[in-house]
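Report on the following structure.
In my numbering, the protein residues as written are 787 to 897.
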């Protein structure tokens, strides 16, 4: 099973598009929407199942920005910035992944 996720970066509060001098397009995301780690920059997201099941486009989940501690305490809603759908395959097509314990050694994350 795979969750296919589409994120609309322009729904992140303060995000904007701009063209650089060489005419390449870029998206700027305010640092306040990100977690700035020592070695990486993270965008914390939550994926939750739709209460009413699948939508007309086949999406089964929505993706929202993770609330800060203050937002959680105030019971503030965070922006929904994307959707996800669950893709299932037969056993012959199922991609294989290394065991979780093998992956843990390779990850260099602060959590």
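Where a beta carbon is used, it is the ideal one built from N, C-alpha and C, also for glycine.
Applying the criterion that 16 or more other CB atoms from any shown protein chain within 10 Å of the CB defines a buried residue, is residue 870 buried or exposed? buried
Do you know how far the Cα of residue 793 is from the Cα of residue 868? Inter-residue distance for residue 868 and residue 793 is about 4 Å (C-alpha atoms, whole angstroms).
I believe residue 820 touches residue 829 by the beta-carbon criterion, under 8 Å. Please report the beta-carbon distance rounded to the nearest angstrom. 6 Å
Could you name the residues that DSSP lists as bridge partners for residue 793? 868
Can you give me the C-alpha to C-alpha distance between residue 875 and residue 844, rounded to a whole angstrom? 16 Å
Would you mind giving the Cβ-Cβ distance between residue 851 and residue 865, rounded to the nearest angstrom? I have them listed as a contact below 8 Å. Right, their Cβ atoms sit about 6 Å apart.
Which value, in whole angstroms, describes the spacing of the CA atoms of residue 860 and residue 854? In this structure, the alpha-carbon of residue 860 lies about 10 Å from that of residue 854.
By the 10 Å Cβ neighbour count, where 16 or more other Cβ atoms means buried, how is residue 847 classified, buried or exposed? Around the Cβ of residue 847, a 10 Å sphere holds 16 or more other Cβ atoms; the residue is buried.
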